[in-house]
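Every number in our numbering is 577 more than the matching position in the sequence shown, counting from 1. Heads up, the beta-carbon is just placed ideally off N, CA and C, and yes, glycines get one too. Source: prediction; values computed, not measured. Before any comments, here is the structure.
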Amino acid sequence: MKAIILAGGSGKSLQPLTYSVPKSMVRLFSRPVLAYVIDLLVKNGFDDITLTAGCMAQRIEDYLSSFNLDSIRLRAVREQIPLGTAGSLKSAAKDFKEPFLVINGECVCDFELNKIMKFHHAHNADVTVACTKVSDPRECAVIEFDDDDKVKAFTDKPTWSCAFSDCVSTGIYVLNPEILHYIPDGRPYDFSKELFPLLMREGFNIVHCQQEGFWSDIGNPEAFLRCQADILDKKSKIELPSHADGIYSEQPVESEDFKIIKPCFIGRNVKVGAGSVIGPYAVIEDGCKIGANTSISSSALLPYSSIGGNCEIKGSIVCEKSIIKSGTALMQGSVIGGDSIIGSGSLIGRHMVIPPQSLVENGTQATKDIQYSHTVLCLKSFNRFSGQPGTELGSVNASIIGQALASMEIGKKTGVLTDGTPVSKAFLHSLCGALMLHGAQVWNFGEGFYSQLDFYTRFCGMKSGIFISYENDEIQISLCGENGLSLSNLSVREVENRIKYRDFVIPDAASIKDVSDMTGVNMMYRREIIRQSDTELSDVACTVKSSNEKIKMLIDDCLYRLGCRTGDSLTFTINRHGTLLSAFSRDCGNLSHERLAAICLNYEAQNGRDVSAPFNSPAAYDGIASKHGRQVYRYYNSPTDFSDAAARELSRSSAFMRDALFMAVKILNIMAVTGKSLKRLSNELPQFYVTKKSVDLSFSPAELSARLSRSSPKFTREGIIITYPQGRVLLTPSKSGKSLRLLAEADSYEISKDLCSQAEKLLENQ
């Protein structure tokens, strides 16, 4: 049987472990991870094994030359350029005439691969995907399949809102050789994102093969340590040389008087000083030296690293040939790059990552970023960084955000806007400097509110914008993407990963551009507000309230120019960001943003126009539009693909659905043109009410599929819909996966509240 090992990746997410070796050559229990993959293939009867090598290919080729496997053909094929997970197959398997297995070079598992091959033949499959269950599927490709094991959909690296299942691809496939014809030559190509969706559209038989054994993809340092611990706990069939029960070693350990707490692994030629405590879950690789009275637990010391006396190493990784001097503490999640020296008496804080070949002075307290750290920044929602200024979020953080965004394709031209507070303007200076220094063209729109950034980004054809605001002792740095909408999941991940790994573009000085003053575009925003009405508004009257004085002054001026009279029979209220509108009318009481948006939608549909709206907008919108033969196109909050592209493009002409100033003028225009009161316009629509609630989750969102199976849930790209006779509830996990947003919709407020409660009880009772 034939197999291909994909070993061409650089392993950026595993840095700094992959500084001097490719990802598949990272050492695990004194052997490269690749060795375990080859062992598994040979054990399962594969006798023709080809590796695709790219980054540091010579290291892989040198290692393969050390193998002496009788009757096994083992060879490497070099990638001249990175070709992605699927792109590298074409040259490696070009002469294959039979189905072959594909496996990642950093995949640690004990699956019965020969049974996967048999499953492939038994199901007459074109592609077989080996799957397993995980608690957090966000770094994997989630698989949706039917009762006959036929794959219906792939969602690569989903957000929690569309991680509808805990069943994921393991990166192990069986392919018929005909599939190679669908892989383009000479460019990167991905299995889950490109090849498999294409094959499904073409009608190929792609099947899911569930596996029950151990599987781990050592994608990052945390996963690497977790994999070690699982193997030490005997969750895998991988065998380690045993010195005693729970203590694994190939030779006796040179020691004076130290304590071992099992399980742990100790390699060859390791020396441990008196009074030290090794374990539990410590992995000490070949040639390491440990001083007296040192404690090492849940950690990995890679070959020839040295730990001084009186040190504490907890939940950390020390890469090869690094020296940790006496009295130093490495806290949970810290990683020391290879060939580094950490001075005596130092403290390396939680999740700190020290780059390779670093020299840290004696007594250093490294609790903040040195080069890159997992704790520095992450988007708290899909599009916003936030925290207390100076403590949780400082000028350095603002600079890092700017460097990351400028290094992305969408950030080459970026608009910036602040709310005008001194704190926001201080952050703006740090952010703009970083954007400029890393090659971005910065357009400064001055002071305003969030809805203006939405418009400016759309009007100026930019793919990214930043709004900085300060309220309730919290600084918020909000990002938007093309057309002023939220960033895609791909862009969110890229921002976070560039921050995490300090993957920044450094341009030459000649390419640095000055900031462009774009404050004049404010006049265009004012003009667009006025253009929401195609008639004078002298026949209508209203009052507008807002806690944001900028909004109040602007909308009052626009209404004055349109001839709208001031009166208290109709009062609009706009939130401080300009994104939500509500109304109070003497004859119909309070109307929500959703109700007012429905009035606008109904008017557009009556006049033959489709409308774009957020995915979580009321389902009633669809019925309103279809009554007039039109359609509501819905865009996602954080799309994982391009399936909402049409909705995002249409959003350019449907800005009134999310800009409260636009919507207020449009409502008044509808009243003036039709001669109808707000009460009559509302009464023309079906009754619907929305109740919103957020609840904490005590389990992984990936379990929602199984927990809600009796309720016949509908899985969408952005949440799960439970339908009741009286209405429906949309359940959407937060970005962190720690809470769930419930959005209940029914034809009365009381029923919508009751549905919300029913959904909450359904979650509690599972």
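Spanning the alpha carbons of R1079 and S607 requires a straight line of approximately 29 Å. In this structure the segment 777-796 touches the segment 714-730; the number of beta carbon pairs closer than 8 Å is three or more. Counting C-beta atoms within 10 angstroms of its own C-beta, R1035 has 16 or more neighbours from the protein chains shown and is therefore classed as buried.
Look at the segment 838-882 and you find these whole runs of beta strand (DSSP E), each 3 residues long or longer: 841-843, 859-861, 872-874.
The closest CA to that of A1196, considering only L1168, H1154, L1262, is found on L1262. Counting other Cβ atoms within 10 Å of its Cβ, M1130 stays below 16 and is therefore classed as exposed. DSSP places V706 outside any alpha helix (DSSP H); the residue lies instead in the beta strand (DSSP E), whose first and last residues are 704-710. Secondary structure note for K579: it is in no alpha helix (DSSP H), and the uninterrupted beta strand (DSSP E) holding it is 579-584.
Rounded to whole angstroms, the gap between the alpha carbons of H1205 and I1328 is 28 Å. The Cβ-Cβ distance between T1148 and K1122 falls below 8 Å. For K667, the enclosing alpha helix (DSSP H) begins and ends at 666-669. Per the coordinates, the alpha-carbon of D639 lies some 28 Å from the alpha-carbon of K814.
Secondary structure note for F801: its alpha helix (DSSP H) is the uninterrupted segment 798-809. Each of A906, Y1326, I1244 was checked against the Cα of I1106, and the nearest Cα belongs to I1244. Residue L678 holds the alpha-carbon nearest to the alpha-carbon of L757 among L936, L809, L678, E683. Under the three-state reduction of DSSP output, N1260 falls in the helix class. Where P774 is concerned, the enclosing alpha helix (DSSP H) starts and stops at 773-778.
N1021 is bridged by DSSP to V993, D1094. Here I925 is buried: its Cβ has 16 or more other Cβ atoms, across all protein chains shown, within 10 Å.
For K620, the enclosing alpha helix (DSSP H) starts and ends at 610-620. For D1273, the enclosing beta strand (DSSP E) begins and ends at 1266-1273. In this structure S1277 touches D713 by the C-beta definition: roughly 6 Å separates them, less than 8 Å. In this chain, K812 is not harboured by any beta strand (DSSP E), its DSSP state being neither H nor E.
By the C-beta density criterion, Y766 is buried, having at least 16 other C-beta atoms within 10 angstroms. For K1270, same chain residues with a beta-carbon under 6 Å away, outside a window of 5 residues either side, are L1319, C1333 in chain order. Nearest to P932 by C-alpha distance, out of S1282, K671, P593, H1170, is P593. Within a 10 Å sphere around the beta-carbon of E938 sit fewer than 16 other beta-carbons, which makes this residue exposed.
Rounded to the nearest whole angstrom, the CA to CA distance from S1093 to S1110 is 31 Å.
In the three-state reduction of the DSSP assignment, E716 falls in the coil class.
In the DSSP assignment, P1310 falls within the beta strand (DSSP E) that extends over 1304-1310. The bridge partners DSSP lists for T732 are V719. In the three-state scheme derived from DSSP, where H, G and I count as helix and E and B as strand, A1118 is classed as strand. Under DSSP, W792 shares a beta bridge with C686. In this chain, E1295 is not harboured by any beta strand (DSSP E), its DSSP state being neither H nor E. The beta carbon of A806 sits closer than 6 Å to those of Y858, all from its chain and outside the five residues before and after it, given in chain order. Between the segment 1289-1307 and the segment 1223-1240, the count of C-beta pairs closer than 8 Å stays below three; the two stretches do not touch.
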